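Here is the structure we will look at.
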Amino acid sequence: MEEAKEHSKHAHGYGIYVLVWLALVTLTGLTAAVAGINFGKLSIVVAIIIAVIKSYLVLTEFMHLKTEQRTFKAFIFVALFFIIISLALLFSDYSFYVR
Amino acid sequence: MASETLTLHNNGHEVSYLDYQGKHKGLLGWLLSTDHKRIGILYMIGVLSFFAVGVTLGFLIRLELLTPQGTIVGPQAYNEFFTVHGIIMIFIVVIPVIPAVFGNFFLPIMLGAKDVAFPRINLLTWYLYIIGGVLILLSLVLPGGAADTGWTFYVPYSVRTGTNMIFTLTAVFIIGFSSILTGLNFLTTIHRMRAPGMDWFKMPLFAWSLYATSWIQVIVTPIVGITLLMVIVERVFHVGIFDPTLGGDPLLFQHMFWMYSHPAVYIIIVPAMGVISEIIPVFSQRTIFGYKFIAYSSLGIAVFGSLVWAHHMFATGMSDTAEFVFSLLTFLVAIPSAIKVFNWTATLYKGSIKLEAPMLYALAFIFLFSIGGLTGIIQGALNVDLYLTDTYFIVGHIHYVVFGGTGFGLFAALHYWLPKMFGRMYNKKVAKVAFWIVFIGFNVLYFPFFILGWMGMPRRSYHYLPQFQLYHVIATVGSWILVLGLLIMMVNLLVSLIKGKKITENNIWGGETLEWKVSTPPTVENFEEIPEVFDGPYEYKQNEYASMEEEVK
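Those protein sequence lines, which keep their order, are chains S and C. For the first sequence, the working numbering gives the first residue as 1, with consecutive numbering after it. For the second sequence, the working numbering gives the first residue as 100, with consecutive numbering after it.
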């Protein structure tokens, strides 16, 4: 029951959603803007950092993960962990390409 | 409300799900039913129909390869045959078959629940599945011809071929959604709907295998979905993603395709392993050996199996570092698989083994899966793989794992659970005869593939050198034996549904899991009262005490 109460606590207004939406739009604009600057090898890192911030906002606010139970957080963590390992393995190929 | 039948008044208790008449009657009562058991049967009808199409195409492929030059069809038709055979068998038959048919039917009952967590989504998955399947069948008959890329859709060819690729890719994309939603449904059901007292380690091993499988389905299926969409985008809008002439990278496609499609092998095989873990203890009347190890090995397979995808790409010019890493991981995945095989055989030790049809198929599974698994290890070695890549060896390997594994797991499950589902028993003698014909046909068909591969016969080839013909002829004869066996088996099972001996007892085979405690066939609500669980799922202590006493004497 406590969980149910906790769940109803986050009935904050729509304001936060609008803010997050604005942040997402701004960050998308930023991604497009930075794409024009040549950071060399770092450009992919910059793009990924912005994408991570956006995902974080979507997960915590839009998907209510901030106020959910631990099980759900664990589920997301497993999926994220898998993606990170997969990307690491993928780059075990791409980082060592001899072209 | 006067139209409500008696069955509604008692809320589905004591009425078989087959006889139940709810809001909708007749065919609609099935097509709109959210009962997990009816959806399981719907899936069974769908999967077995597509299986028949896949077998027919396989049969025609073998017939074509009887002679080194063209035998019955031209090269283009041949390419389409092996492509659609692969797509149907992989995406529409073996990936969904055990979770969607037997998982749907038995998972809630085994957990002591009345249904899955999201019954309506469950029905939606079936519709998505059927839409995808029909699209693939349509691609066969529409102008342009069916996809001819092989079931792997490798770019750049899949971007350039003039066949109905978009149809096929969309179909696989839609079926992917069906798979994800089924996985999500099972995960939630297992987490939330276990009966009181059923902690994680009192759960049947079939449920454990579905749990591991569902995780893979949920996590990796989106990858193939987005990849296939990108191929469509590339075809339609000429955006350079994978095609090198447009500035894309074809190896990226292979990485992303196998990131799903290798774990998919485990979506295919792990539920079948769950079936075997159910059947072996029941037909040897022994407590399963190493319950926790089998349960954890399912998770181990899910984790490691998801990280070995690039062993399909050893010959593509990947970096040496990646080749080393993926070869190592490939060897590691053999460990949890071997744990299962050893535990099953250890369970047989000193059991009172009953060689009924389900047990015969289960034992054949262990034998054939071991051959399939070990030939996989051979190809995990980098140097050997360079020699064996794209030969018949790999075709033999995949058929031993997927057909010898999941196919035989499916047949085992059919013979084990069908009497429970319909309350009628098949002819046991015919079932055993069919088993032997299928088993012999299978090996005569697929074992020569290993020899052919070792001799250098390339896969997917329409013509071949005359020195390969002997083995091709043997394999084709094998396909005739196999199809004969399959026909006998299926006719036996179908006839049993109409004319088979009626069964009323709950526990047909002497199993200890919950599905053997509900009536045959199960009632609409499965349980009148949700059961409380005190023991593990495979307690055959009486039998074991007897054998211990005998030893003391």
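Beta carbons are placed, not taken as given, at the ideal position from N, Cα and C, and that holds for glycine. On a predicted model such as this, the values are computed, not experimentally measured, just so you know.
On the CB-based measure, 16 or more other CB atoms within 10 Å of its CB, does residue i come out buried or exposed?
{"i": "Gly29 of chain S", "result": "exposed"}
{"i": "Ser95 of chain S", "result": "exposed"}
{"i": "Asn203 of chain C", "result": "buried"}
{"i": "Val58 of chain S", "result": "exposed"}
{"i": "Asp689 of chain C", "result": "As shown, chain C starts at 100 and ends at 652. That puts residue 689 of chain C outside it, with no answer to give."}
{"i": "His411 of chain C", "result": "buried"}
{"i": "His135 of chain C", "result": "buried"}
{"i": "Glu624 of chain C", "result": "buried"}
{"i": "Trp21 of chain S", "result": "exposed"}
{"i": "Gly506 of chain C", "result": "buried"}
{"i": "Asn284 of chain C", "result": "buried"}
{"i": "Tyr56 of chain S", "result": "exposed"}
{"i": "Leu131 of chain C", "result": "exposed"}
{"i": "Ile493 of chain C", "result": "buried"}
Is the Cβ-Cβ distance between residue i and residue j less than 8 Å?
{"i": "Ala216 of chain C", "j": "Met292 of chain C", "result": "yes"}
{"i": "Tyr545 of chain C", "j": "Tyr499 of chain C", "result": "yes"}
{"i": "Phe305 of chain C", "j": "Met458 of chain C", "result": "no"}
{"i": "Ala409 of chain C", "j": "His496 of chain C", "result": "no"}
{"i": "Phe341 of chain C", "j": "Val271 of chain C", "result": "no"}
{"i": "Thr133 of chain C", "j": "Arg219 of chain C", "result": "yes"}
{"i": "Tyr525 of chain C", "j": "Ile378 of chain C", "result": "no"}
{"i": "Leu286 of chain C", "j": "Ser257 of chain C", "result": "no"}
{"i": "Thr267 of chain C", "j": "Ile229 of chain C", "result": "no"}
{"i": "Asp484 of chain C", "j": "Ala433 of chain C", "result": "no"}
{"i": "Phe468 of chain C", "j": "Phe502 of chain C", "result": "no"}
{"i": "Thr619 of chain C", "j": "Tyr116 of chain C", "result": "no"}
{"i": "Ile194 of chain C", "j": "Ile325 of chain C", "result": "no"}
{"i": "Gly479 of chain C", "j": "Phe430 of chain C", "result": "yes"}
{"i": "Ser86 of chain S", "j": "Met417 of chain C", "result": "no"}
{"i": "Leu65 of chain S", "j": "Ile49 of chain S", "result": "no"}
{"i": "Ala311 of chain C", "j": "Ile400 of chain C", "result": "yes"}
{"i": "Ile273 of chain C", "j": "Leu328 of chain C", "result": "no"}
{"i": "Gly373 of chain C", "j": "Ser308 of chain C", "result": "yes"}
{"i": "Glu61 of chain S", "j": "Ile16 of chain S", "result": "yes"}
Would the beta-carbon of residue i be found less than 7 Å away from any heavy atom of the ligand ATP?
{"i": "Val623 of chain C", "result": "Among the components of this structure there are no ligands whatsoever, and the ligand ATP is therefore not found."}
Ignore the nearest five residues each way along the sequence and tell me which others in residue i's own chain have a CB closer than 6 Å to its CB.
{"i": "Pro362 of chain C", "result": "Ile315, Val319, Gly404 and Ser405"}
{"i": "Ile191 of chain C", "result": "Phe149 and Gly232"}
{"i": "Thr170 of chain C", "result": "Glu163"}
{"i": "Ile452 of chain C", "result": "Ser383"}
{"i": "Phe82 of chain S", "result": "none"}
{"i": "Val34 of chain S", "result": "Val46"}
{"i": "Pro303 of chain C", "result": "Met209, Thr612 and Pro636"}
Going along chain S in order, which residues have a C-beta closer than 8 Å to the C-beta of residue i?
{"i": "Ser405 of chain C", "result": "Phe82 and Ser86"}
{"i": "Ser418 of chain C", "result": "Ser92, Asp93, Tyr94, Ser95, Phe96, Tyr97 and Val98"}
{"i": "Val193 of chain C", "result": "Chain S residues near Val193 of chain C: none, gap ~23 Å exceeds 8 Å."}
{"i": "Ala421 of chain C", "result": "Leu89, Ser92, Asp93 and Phe96"}
{"i": "Val424 of chain C", "result": "Leu89 and Ser92"}
So, at 7 Å on beta carbons, what are the nonlocal neighbours of residue i in its own chain, with the 5 sequence-adjacent residues on each side left out?
{"i": "Phe39 of chain S", "result": "Val46"}
{"i": "Arg523 of chain C", "result": "Ser595, Leu596, Gly599, Lys600, Lys601 and Ile602"}
{"i": "Ala79 of chain S", "result": "none"}
{"i": "Ala533 of chain C", "result": "Gly584, Ile587, Met588 and Asn591"}
{"i": "Lys662 of chain C", "result": "Absent from the structure is residue 662 of chain C, since the part of chain C shown begins at 100 and ends at 652."}
{"i": "Pro557 of chain C", "result": "Asp489 and Thr490"}
Check the Cβ of residue i against every Cβ in chain C and list those closer than 7 Å, keeping chain order.
{"i": "Leu90 of chain S", "result": "His354"}
Counting only Cβ pairs nearer than 9 Å, list the residues of chain C close to residue i.
{"i": "Thr71 of chain S", "result": "His290"}
Return the chain-ordered list of same chain residues with a C-beta closer than 8 Å to the C-beta of residue i, the five sequence neighbours on each side being excluded.
{"i": "Ile465 of chain C", "result": "Ile375, Val440, Trp443 and Thr444"}
{"i": "Tyr561 of chain C", "result": "Glu163, Gly169, Pro174, Tyr177 and Asn178"}
{"i": "Lys640 of chain C", "result": "Thr386"}
{"i": "Ala88 of chain S", "result": "none"}
For residue i, which residues in chain S fall below 7 Å Cβ to Cβ?
{"i": "Ile318 of chain C", "result": "Ala79 and Phe82"}
{"i": "Met358 of chain C", "result": "Ser86"}
Taking Cβ-Cβ distances shorter than 8 Å, what residues in chain A pair up with residue i?
{"i": "Ala409 of chain C", "result": "Looking for chain A here will not work: the only protein chains present are S and C."}
(message) Would the segment 389-403 of chain C count as touching the segment 425-443 of chain C if we require 3 or more Cβ pairs under 8 Å?
(response) Touching, yes.
(message) Three or more C-beta pairs under 8 Å: does that hold for the segment 243-250 of chain C against the segment 169-188 of chain C?
(response) The segment 243-250 of chain C, when compared against the segment 169-188 of chain C, does touch it at the 8 Å Cβ threshold.
(message) Is it the case that the segment 632-641 of chain C contacts the segment 609-616 of chain C, given that we only count it when at least three CB pairs across the two stretches are under 8 Å?
(response) Yes, the segment 609-616 of chain C touches the segment 632-641 of chain C.
(message) Under 8 Å, with one C-beta from each stretch per pair, do the segment 155-175 of chain C and the segment 114-133 of chain C reach the 3-pair mark?
(response) No: the two stretches stay apart, fewer than three of their Cβ pairs being nearer than 8 Å.
(request) Flag this pair as touching only if the segment 82-96 of chain S and the segment 414-423 of chain C have three or more C-beta atom pairs under 8 Å; answer yes or no. (result) Yes, since at least three Cβ pairs between the segment 82-96 of chain S and the segment 414-423 of chain C fall closer than 8 Å, the two stretches touch.
(request) Check whether the segment 548-555 of chain C touches the segment 504-520 of chain C, taking contact to mean three or more Cβ pairs, one atom from each stretch, closer than 8 Å. (result) Segments in contact, no.
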